[in-house]
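Student: Okay, so the first sequence: first residue is 0 according to numbering that gives the first Met the number 0, each after it adds one. Glycine is no exception: its CB is placed at the ideal position from the N, C-alpha and C atoms. Below are the structure tokens for one structure; questions will follow.
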Amino acid sequence: MDYNFQEIEQHWQTEWEKAGAYKVSNTSSKKPFYVLDMFPYPSGAGLHVGHPLGYIASDIYSRYKRLQGFNVLHPMGFDSYGLPAEQYAIQTGQHPEKTTFTNIARYVEQLRKIGFCYDWDREVRTCMPDYYKWTQWAFIQMFNSYFDTSLQKAQPISRLIAKWEAEDPTWTTLTEKQQQERLMNYRIAYLADTKVNWCPQLGTVLANDEVSEGLSVRGGFPVEQRVMRQWCLRVSAYAPRLLEGLNHIDWTESLKETQRNWIGRSEGAEMRFNIKGQEEPFTIFTTRADTVFGVTFMVLAPESEYVKRVVTEDKKAEVEEYLTWCKHRTERERIADRKVTGVFTGSYAINPLTHAEIPIYISDYVLAGYGTGAIMAVPAHDSRDYAFAKHFNLPIIPLIEGADVSEQSFDAKEGIMINSGFLNGMEVKDAIRAMKEHITNTGIGRVKVNYRLRDAIFSRQRYWGEPFPIYYKDGMPYAVDEKDLPITLPEVDNFRPTEDGRPPLGNAKDWTYKGYPLELCTMPGFAGSSAYFLRYMDNHNTQALVSKQANEYWRQVNLYIGGTEHATGHLIYSRFWNKFLFDLGVICEDEPFQKLINQGMIQGRSNFVYRYIGEGATGNLYISYNLIDNPEYKDKVQPIHVNVNIVKNDILDIDAFRNWMPEYKNAQFVYSDGTTDQDNPYLGTPAEKQYICGWAVEKMSKSMFNVVNPDDVIAQYGADTLRLYEMFLGPLEMSKPWDTNGIDGVHRFIKKLWNLYEDINNDEPTANELHSLHKLIKKVTWDIENFSFNTSIPAFMIAVNELGKCHKRAILAPIAILIAPYAPHIAEAMWEKCQMVDGASSKRTFVIDAEWPVCEEKYLEESTIKYPIQFCGKVRFTLEMSKDASKEEVEKIVLADEQTIKQLAGNTPKRVIVVPGKIVNIVV
RNA sequence: GCGGCAUUGGCGGAAUUGGUAGACGCGCUAGACUUAGGAUCUAGUUCUGCAAGGAGUGAAGGUUCGAGUCCUUUAUGCCGCACCA
0 MDYNFQEIEQ HWQTEWEKAG AYKVSNTSSK KPFYVLDMFP YPSGAGLHVG
50 HPLGYIASDI YSRYKRLQGF NVLHPMGFDS YGLPAEQYAI QTGQHPEKTT
100 FTNIARYVEQ LRKIGFCYDW DREVRTCMPD YYKWTQWAFI QMFNSYFDTS
150 LQKAQPISRL IAKWEAEDPT WTTLTEKQQQ ERLMNYRIAY LADTKVNWCP
200 QLGTVLANDE VSEGLSVRGG FPVEQRVMRQ WCLRVSAYAP RLLEGLNHID
250 WTESLKETQR NWIGRSEGAE MRFNIKGQEE PFTIFTTRAD TVFGVTFMVL
300 APESEYVKRV VTEDKKAEVE EYLTWCKHRT ERERIADRKV TGVFTGSYAI
350 NPLTHAEIPI YISDYVLAGY GTGAIMAVPA HDSRDYAFAK HFNLPIIPLI
400 EGADVSEQSF DAKEGIMINS GFLNGMEVKD AIRAMKEHIT NTGIGRVKVN
450 YRLRDAIFSR QRYWGEPFPI YYKDGMPYAV DEKDLPITLP EVDNFRPTED
500 GRPPLGNAKD WTYKGYPLEL CTMPGFAGSS AYFLRYMDNH NTQALVSKQA
550 NEYWRQVNLY IGGTEHATGH LIYSRFWNKF LFDLGVICED EPFQKLINQG
600 MIQGRSNFVY RYIGEGATGN LYISYNLIDN PEYKDKVQPI HVNVNIVKND
650 ILDIDAFRNW MPEYKNAQFV YSDGTTDQDN PYLGTPAEKQ YICGWAVEKM
700 SKSMFNVVNP DDVIAQYGAD TLRLYEMFLG PLEMSKPWDT NGIDGVHRFI
750 KKLWNLYEDI NNDEPTANEL HSLHKLIKKV TWDIENFSFN TSIPAFMIAV
800 NELGKCHKRA ILAPIAILIA PYAPHIAEAM WEKCQMVDGA SSKRTFVIDA
850 EWPVCEEKYL EESTIKYPIQ FCGKVRFTLE MSKDASKEEV EKIVLADEQT
900 IKQLAGNTPK RVIVVPGKIV NIVV
């Protein structure tokens with residue numbers, strides 16, 4: 000019988016749905032296992048063939064775990080608030096909810112066709128009130144909490160109030176507004192004036208991870224710095240725990256390293272420098288306390304609080320001018336143009352060790368947001384200070400023996416100290432330690448750990464996001480009552496900001512709570528994705544984000560598969576969010592994702608035709624790729640993207656090309672053999688006449704005509720072939736181009752496999768057949784355990800070849816189970832055929848209810864063992880022995896064969912080594 | 001600049017513990033079957049050589065009886081971070 004994949008796949012997808020085969024219960028005696036995909040943002044373009052790569056991998060693992068007897072939670076949902084739907088709404092007036100739901104429907108349909116084992120009852124959508132109720136709820140908890148630095152965990156803000164009431168007599172004298180303002184400095188979700196990334200084109204602020212090189216990640220629009228009053232999350236308070244937690248989770252080293260970089264811990268010291276003629280000192284942060292003797296000037300960030308204090312009257316105008324200039328420089332300009340700029344403040348600081356007077360400058364190479372926004376400059380040993388010193392002609396004092404600082408600074412942290420008072424003669428490392436001790440003892444400063452991680456800016460001046468559960472009274476924010484959640488997103492008739500520049504929610508009618516105005520901003524994209532993994536555990540719960548019982552059963556995500564692009568966004572925020580909920584006692588695990596795998600990207604593989612543009616060109620002649628380097632065409636052709644769906648194995652479908660676009664209707668070709676259409680009035684058959692296309696690996700995108708839709712692949716080959724082929728492409732974690740050239744091979748294999756399930760009998764399997772089967776069991780089990788999915792497929796192919804015409808149920812039934820994770824539809828059909836042998840009951844049982852077969856080593860042992868023998872690494876021959884032979888017997892024969900070895904080698908062997916297995920050294 | 005990862009035939013890639021490198025697939029070559037084939041089947045396919053043989057996992061060293069695998073140096077590519085003091 001032919002392999003009718005369409006019928007098989009449709010049939011079993013319906014059966015699964017009817018039976019609720021993938022429904023997962025929160026109460027089971029089975030061991031729980033939680034496999035999670037990063038849920039997608041449903042874009043208008045639908046899924047392309049690259050998106051399901053990770054989903055297929057996680058599906059394989061889920062199905063495998065299920066067959067191993069685990070209760071597997073494997074849900075899917077949609078990150079459905081976001082900019083594209085809103086941009087589309089602004090352009091068309093279409094409500095973003097409508098486009099979002101349409102897109103989701105398309106995604107669900109596409110995912111369903113691939114045959115994933117999702118429990119759709121657990122679907123979440125971040126834009127639904129029953130979901131974002133809990134996003135808002137979490138926000139209120141953050142608003143009502145502060146971070147206790149000594150306990151290193153979040154605590155209810157009421158404790159802080161109680162403490163102040165008891166211990167701080169000034170507290171009760173404050174007005175309510177003053178009290179609220181003071182509390183705002185402690186809340187985990189707080190309102191503050193901060194310098195933000197403002198994107199005028201998008202009309203909103205963006206988080207640091209949403210900006211790259213001064214451009215917005217979404218859309219690539221310029222981003223400028225602005226001070227605005229924004230909601231922030233005190234993520235930085237969790238920096239030590241976010242860093243430490245990385246040691247206990249099973250993520251790739253590169254991803255952990257990315258997060259470590261982003262958190263940016265640096266150990267150093269804070270030191271106070273006195274200002275000449277002033278009482279109050281100012282504080283700087285340095286990691287090179289050892290270099291204090293080489294400080295020849297100080298630099299403040301333009302935005303620094305200290306600037307006001309140190310500018311002298313005569314320098315005021317000059318400084319003002321510089322500050323204004325800085326303000327108007329965008330982040331992008333700053334990065335692009337790194338020439339030295341700065342201005343002298345007129346004031347001098349006193350070096351606390353040398354007591355020298357050193358000038359204080361302002362320059363934008365010092366960042367306000369890091370450390371204290373002020374530095375001590377050591378030009379000899381810091382390249383940025385060096386450039387500044389050269390530009391302003393400031394002294395450069397070398398502090399390390401043998402360091403030549405006439406041309407450039409010596410930045411390395413090694414060498415022997417000189418010119419450094421009591422540090423002279425020490426190694427740099429010791430000097431740092433000694434100086435830290437010195438400044439601590441003398442009270443000049445203290446040891447300090449600094450983090451680069453900043454608080455997350457949490458307001459977006461947009462419509463399509465979660466409303467804040469916050470209202471304003473007397474200009475101060477208050478959280479709405481939890482029982483009034485969710486605060487649902489209001490309808491507006493215009494998705495743009497209001498005339499007077501307020502966010503779009505300013506267009507809503509009656510946007511108030513108990514008569515007070517509600518917050519007009521909405522939450523950013525990462526709000527909804529920060530705890531979705533918890534909601535899947537208990538998504539219908541109306542009383543809590545997740546019940547204690549459900550959370551204690553599932554605990555945490557055991558396997559998370561997703562792209563590496565979320566390394567510094569979602570994967571930091573959700574860890575933070577999770578730790579916060581852990582502090583609250585809402586959940587029982589500190590880290591959300593135990594193991595994380597980054598699937599590689601699937602790039603597009605573009606195809607090109609080569610239009611002739613040389614002498615006498617009509618613009619209508621296309622040269623086959625293999626000819627374009629010929630002298631007559633070289634540099635006279637122009638590559639043009641051609642739709643990859645009308646190219647197969649780099650051979651162009653001529654008719655399809657002529658019909659593709661009107662401009663190609665009369666296209667003429669120079670074929671691979673050099674002939675043209677004129678030479679072949681009858682238009683040769685495709686076998687004889689081939690037009691070969693060039694190719695390149697590029698991002699998969701519409702404009703390159705290289706997008707491959709999984710629906711098309713499924714229509715042509717079936718979902719099982721798609722699933723197998725995506726895995727077969729290469730290691731999961733590697734990026735690779737989508738190349739349809741190999742898909743036929745995989746499809747052929749499935750057909751061969753299917754043919755084995757014809758006329759199944761109950762005969763006893765032979766030793767060889769059992770050997771093939773158990774080899775396969777061992778291999779496939781190992782592969783899945785180790786996420787090496789690509790190597791299982793060859794193993795199946797080999798097994799099918801070895802089994803040839805074997806139709807025995809005892810062999811075929813286990814193979815149906817083994818392939819079920821990879822190709823679930825055909826596995827069901829194969830399983831069913833195995834159940835119906837000998838007129839046995841036609842009762843349908845699912846392969847997913849079967850048990851994963853166990854490899855029995857006894858079938859793997861061969862009757863003989865081959866020992867390849869190496870002599871002095873030169874001569875090899877094979878010694879075939881009974882498998883029962885003892886080590887001594889092997890040695891005996893090897894020794895007996897010494898004559899042969901000698902003959903072959905021509906001299907006395909020093910050693911004979913027998914492989915495989917244990918090394919047997921025989922020294923003669 | 002700092003950090004991480006990679007580099008194996010014409011191509012994608014195997015080699016799991018240091019033990020016969022190139023599994024499996026694509027492509028290619030030859031043959032069979034066919035009115036035909038973008039179908040199917042069989043055989044071959046790292047390079048070099050008529051052959052015996054020799055060479056061979058980016059490059060150069062090292063450890064080892066034995067290295068794609070471990071160590072050192074280096075080159076190239078990809079990714080992350082970056083006036084972070």
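For N625 and D743, what's the separation of their Cα atoms in angstroms?
Tutor: Each residue's Cα considered, the two are about 24 Å apart.
Student: Taking the alpha carbon of E564 as the reference point, which residue from D403, Q598 and R62 has its own alpha carbon closest?
Tutor: For E564, the nearest C-alpha among the options comes from Q598.
Student: Less than 8 Å between the beta carbons of I396 and N418, yes or no?
Tutor: Yes, these two residues count as a Cβ contact at 8 Å.
Student: I need the straight-line Cα distance from P638 to V696, nearest angstrom please.
Tutor: Taking the straight line from one Cα to the other gives about 14 Å.
Student: Taking 7 Å as the limit between beta carbons, can you name the residues of its chain near Y934, skipping five residues before and five after?
Tutor: It is not possible to answer for residue 934, since the shown part of the chain is limited to 0 through 923.
Student: What did DSSP end up calling E16 once you bin it into helix, strand or coil?
Tutor: Three-state result, E16: helix.
Student: With burial defined as no fewer than 16 other Cβ atoms inside 10 Å of the residue's Cβ, what is the status of N24: buried or exposed?
Tutor: Before going further, note that residue 24 is Ser rather than Asn in the sequence given. By the 10 Å Cβ count, S24 comes out exposed.
Student: In chain order, what residues of the same chain have a beta carbon less than 6 Å from the beta carbon of D758, not counting five sequence neighbours either side?
Tutor: Cβ neighbours of D758 beyond the five flanking positions: H806.
Student: Any idea what DSSP makes of P764, helix, strand or coil?
Tutor: In the structure shown, P764 sits in coil (DSSP, three-state: anything other than H, G, I, E or B).
Student: On the DSSP letters alone, give me the boundaries of the beta strand (DSSP E) that Y470 sits inside.
Tutor: Y470 -> beta strand (DSSP E) spans I469 to K472.
Student: Could you tell me how far apart the beta carbons of P591 and R610 are, in whole angstroms, since I believe they sit closer than 8 Å?
Tutor: With 8 Å as the limit, P591 and R610 do not qualify as a contact, their Cβ atoms being about 53 Å apart.
Student: So, with DSSP's three-state summary, where would you put M141?
Tutor: Reduced to three states, the DSSP call for M141 is helix.
Student: Could you check what DSSP says for Y681 in three-state terms: helix, strand or coil?
Tutor: For Y681, the pLDDT reaches just 48, beneath the cut-off of 50, and the residue's location in the model is therefore unreliable, leaving the point undetermined.
Student: I need the boundaries of the alpha helix (DSSP H) containing R604, first residue and last residue.
Tutor: That residue, R604, is in no alpha helix (DSSP H); its beta strand (DSSP E) goes I601 to Y611.
Student: Which first and last residues belong to the alpha helix (DSSP H) in which K751 is found?
Tutor: Per DSSP, K751 belongs to the alpha helix (DSSP H) from I742 to L755.
Student: Alpha carbons only, please: which of L721, F656, Y450 and E166 is nearest the one belonging to L691?
Tutor: Sequence inspection shows Ile at residue 691; the Leu mentioned does not correspond to that position. Closest option to I691, Cα to Cα, is F656.
Student: Can you tell me whether Y515 is buried or exposed? The criterion is at least 16 other CB atoms within 10 Å of its CB, across all chains shown.
Tutor: So Y515 ends up on the exposed side.
Student: With distances taken Cα to Cα, identify the nearest neighbour of I156 among E8, I187, N392 and A300.
Tutor: Comparing Cα positions, the closest option is I187.
Student: Kindly list the residues whose CB is nearer than 7 Å to the CB of T290, restricted to its own chain and excluding five residues on each side of it in sequence; keep chain order.
Tutor: The residues are V377, H380 and L398.
Student: Could you pull the DSSP bridge partners for T193 from this structure?
Tutor: Per DSSP, M227.
Student: Report the three-state DSSP secondary structure of I586 (helix, strand or coil).
Tutor: Residue state, collapsed to three classes: coil.
Student: Can you tell me where the beta strand (DSSP E) holding Q555 begins and where it ends?
Tutor: Element bounds for Q555: n/a, residue is neither H nor E.
Student: Measure the alpha-carbon distance for Y572 versus M703 and round it to whole angstroms.
Tutor: Rounded to the nearest angstrom, the two C-alpha atoms are 34 Å apart.
Student: Name the residue from T286, M183 and G202 whose alpha carbon lies nearest to the alpha carbon of V427.
Tutor: Answer by Cα proximity: T286.
Student: From what residue to what residue does the beta strand (DSSP E) around L35 run?
Tutor: Its beta strand (DSSP E) spans residues K30 to D36.
Student: Taking just the CA atoms, how far does W830 sit from V846?
Tutor: Spanning the two alpha carbons is a distance of roughly 6 Å.
Student: Just how far apart, CA to CA, sit Y40 and A812?
Tutor: The alpha-carbon atoms of Y40 and A812 are separated by roughly 39 Å.
Student: Could you tell me if N767 is buried or exposed, where buried requires 16 or more neighbouring beta carbons within 10 angstroms of its beta carbon?
Tutor: Exposed.
Student: Spatial neighbours of G613 within its chain, please: C-beta separation below 6 Å, excluding the five flanking residues on both sides.
Tutor: So the qualifying residues of the chain are K635.
Student: Whole angstroms are fine: how far does the CA of G276 sit from the CA of F292?
Tutor: Distance between the alpha carbons of F292 and G276 is about 22 Å.
Student: Is L570 near Q258, with beta carbons less than 8 Å apart?
Tutor: In contact: L570 and Q258 (Cβ atoms closer than 8 Å).
Student: According to DSSP, is Q5 part of a helix, a strand, or is it coil?
Tutor: Three-state result, Q5: helix.
Student: For the 8 Å Cβ check, are there 3 or more pairs between the segment 63-82 and the segment 463-478?
Tutor: Because the criterion of three Cβ pairs below 8 Å is met, the segment 63-82 and the segment 463-478 touch.
Student: How would you label L254, buried or exposed, when you count the other beta carbons within 10 angstroms and need 16 or more for buried?
Tutor: With 16 or more Cβ atoms within 10 Å of its Cβ, L254 is classed as buried.
Student: From the DSSP output, which residues share a beta bridge with E725?
Tutor: Looking at the DSSP assignment, E725 forms no beta bridge with any residue, so it has no partner.
Student: DSSP on H10, reduced to helix/strand/coil?
Tutor: The answer is helix: DSSP assigns H10 an H, G or I state.
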